[in-house]
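Undergrad:
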Amino acid sequence: MTLLLAGFGLLLLWWLGRNALRRSPARTARLLRRIGGYGALAAAGLVLVRGRPELGVILVLAGLWLLEGGTGLRRRWRAFTNWVRGRGRLQADVHSRPAGGREDAEPDADPRPRRPADPGTMTQEQAYEILGLERGASLERVRMAHRTLMKRLHPDQGGTAEQAARVNAARDRLTNRHR
1 MTLLLAGFGL LLLWWLGRNA LRRSPARTAR LLRRIGGYGA LAAAGLVLVR
51 GRPELGVILV LAGLWLLEGG TGLRRRWRAF TNWVRGRGRL QADVHSRPAG
101 GREDAEPDAD PRPRRPADPG TMTQEQAYEI LGLERGASLE RVRMAHRTLM
151 KRLHPDQGGT AEQAARVNAA RDRLTNRHR
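Residue numbering for the sequence shown is 1 to 179, as defined by the UniProt record's numbering.
1. Write down the C-beta distance between I130 and A170 rounded to the nearest angstrom, noting that I regard them as a contact closer than 8 Å.
2. Assuming the contact rule is C-beta atoms closer than 8 Å, L66 and R33 should be a hit. Round their C-beta distance to whole Å, please.
3. Straight-line CA distance for A79 to A161?
4. Tell me which same chain residues have a C-beta within less than 6 Å of the C-beta of L41, skipping the five on either side of it?
5. If you count every other CB in all the chains shown that lies within 10 Å of the CB of R179, and 16 or more means buried, which is it?
6. Could you check the C-alpha separation between G159 and K151 for me, to the nearest Å?
7. Specify the secondary structure class of G39 as computed by DSSP and reduced to three states.
8. Consider the Cβ of Y128: report whether some Cβ of chain B lies at a distance smaller than 9 Å.
9. Can you tell me whether R30 is buried or exposed, with buried defined as 16 or more other CB within 10 angstroms of its CB?
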């Protein structure tokens, strides 16, 4: 594999020397720097994967220097150090905030009730009336009437949460009687 890569590299250099160097030496130099820079970055990745971080850092710096020159390398170093300093400020800011959550949090723009309103207490007569049953109906009739009404009055089917809560409360009132 190494011999194959070396042969490919020699073939590439021969082609560059024969064709590209004759046409534009400056363009060929830029191309060689770019190829060398990307090659150094690829080699750095391989070296880092193999567990040699000191050699990997040297190859990364060499690749960046070939790709961007000395000024680009200084610019990247400044950006990195500013990023490190900014992270330190951020951590200090987070740890210096008072406990108790976000004091600047905005309330919910549309505060909906989290559950249906409490239908309140109801008598057995009211429960029978809501379910449309006669007094003394069996447990099966109560369950069937509840199911039929909920198919029509459920909020997902076009009903309201208050209607569904009243039907559920009526069922609970009547099924508790049978326990």
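We put the beta carbon where it would ideally sit given N, CA and C, even for glycine.
These numbers were taken from a predicted model, which means no experiment stands behind them.
TA: So, to answer that:
1. For a cut-off of 8 Å, the C-beta gap from I130 to A170 is around 4 Å, short enough to register as a contact.
2. Taking C-beta atoms under 8 Å as the contact rule, L66 and R33 qualify, at a distance of about 5 Å.
3. If you take the alpha carbons of A79 and A161, they lie about 56 Å apart.
4. Annotation for L41: G63 place their beta carbon closer than 6 Å to its own, counting only its chain and skipping 5 residues before and after.
5. With a pLDDT of 48 at R179, under the threshold of 50, the predicted position of this residue should be treated as unreliable, and no value is reported.
6. Answer to the nearest angstrom: the Cα atoms are 9 Å apart.
7. Collapsing the DSSP output to three states places G39 in a helix.
8. Note that chain B does not occur in the displayed structure, where there is just one protein chain.
9. By the C-beta density criterion, R30 is exposed, having fewer than 16 other C-beta atoms within 10 angstroms.
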